[in-house]
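Participant: Going by this note's numbering, the sequence shown opens with residue 184, and the numbers climb by one from there. We treat Cβ as the ideally placed atom computed from N, Cα and C, and that holds for glycine. The structure displayed is predicted, hence computed values, not measured ones. First the structure, which I've put down as structure tokens, then a few questions once you've had a look.
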Amino acid sequence: MNYKIADIEKSFDGKIMENLGNNDYVIKINDNEHKLKIISMNSTGIEFILNQQYHKAKYLDQSTNEMNIVIDNVPIVINRHTHFDEVVFKHSGGAGAGNVQLLLKSQIPGKVVSISVAEGDSVKKGDVICTLESMKMQVSVKAHKDGVVKSIKIKETGTVAKGDPIADIE
């Protein structure tokens, strides 16, 4: 899975390579393998040994795409799905020959958290049209082309299914 730490330009890939049993793991961060031992883990945090060094992480907020934690008394914000916005943009009409599609569609089911535009507004390709919440993550749905918002097909606090229309952009 791809992760990004706020204020640091690069993202990194992390995954569990092997479960050695007894809470011992081999993990891979980018191209480097590391030994990880989980000492304790609960809903508020985790204590672990990474490459023979003790660390303690406390979860502050993990209700959105960003996870706010404190590791060894240093606050860190991690974006857990750095590619999610691009996937939603691509599949809502943002990538394709000609971009002639008028209708912006939702590519995920979710609850409408906010609507960032009004009918008649001019938008540029990539402008945020609305924010959806799905599986406790907030995802920005962006305009797939330059144009004018002809109509908005959703309401705040409403829900959308995958493929539901969000807005007409001419």
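(1) Alpha carbon to alpha carbon, what distance is there between Ile298 and Lys333?
(2) Is DSSP giving Val253 helix, strand or coil here?
(3) To the nearest angstrom, how far is the alpha carbon of Leu203 from that of Leu219?
(4) Within 10 Å of its beta-carbon, does Ile349 have 16 or more other beta-carbons around it, so buried, or fewer, so exposed?
(5) For a test of the three-state rule: what should DSSP assign to Pro292, helix, strand or coil?
(6) Which value, in whole angstroms, describes the spacing of the CA atoms of Pro292 and Glu302?
(7) Looking at the unbroken beta strand (DSSP E) that takes in Asn206, where does it start and where does it end?
(8) Within 10 angstroms of the Cβ of Ala280, are there 16 or more other Cβ atoms? Answer buried if so, exposed if not.
(9) Between Tyr237, Thr227, Asn234, which has its C-alpha nearest Met250's C-alpha?
Facilitator: Short version:
(1) 14 Å
(2) strand
(3) 10 Å
(4) buried
(5) coil
(6) 23 Å
(7) Here Asn206 belongs to no beta strand (DSSP E), and DSSP marks it neither H nor E.
(8) Below a pLDDT of 50, predicted positions are generally treated as unreliable, and Ala280, at 42, falls in that range; the measurement from the model is reported next regardless. Under this definition Ala280 is an exposed residue.
(9) If we check each option's Cα against that of Met250, Thr227 comes out closest.
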